[in-house]
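Undergrad: For reference, the structure I am asking about is given below.
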């Protein structure tokens, strides 16, 4: 049996990266889904606040990105939307 291969394309990466283990945004080229690779949020206050505005399902997680990534992510998504 052949395993299906997911086609992910890197859209954005942390501009301050020093190598591996980087904050990144990927696009699943088969589905158009966006995947975020970031820091799993563990701050109880942030998790509670997010859960109040949009309850987290057991299979969901909150991912944190530093403010320095904001423009990089937005630019990558604008560029992708324009193609």
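Residue numbers (our numbering): 532 to 614. The beta-carbon is built from N, C-alpha and C at its ideal position, and this holds for glycine as well.
Looking only at its own chain, which residues have a Cβ that is under 8 Å from the Cβ of residue 607, when we skip the five neighbours before and after it?
TA: 542, 543, 556
Undergrad: Let me know if residue 566 comes out buried or exposed under the rule of 16 or more other beta-carbons within 10 Å of its beta-carbon.
TA: exposed
Undergrad: Please say whether residue 538 and residue 564 have beta carbons closer to each other than 7 Å?
TA: no
Undergrad: Going by DSSP in three states, residue 538 sits in which element: helix, strand or coil?
TA: Three-state DSSP puts residue 538 in coil, outside helix and strand.
Undergrad: May I have the straight-line CA-CA distance separating residue 611 from residue 599, to the nearest angstrom?
TA: 20 Å
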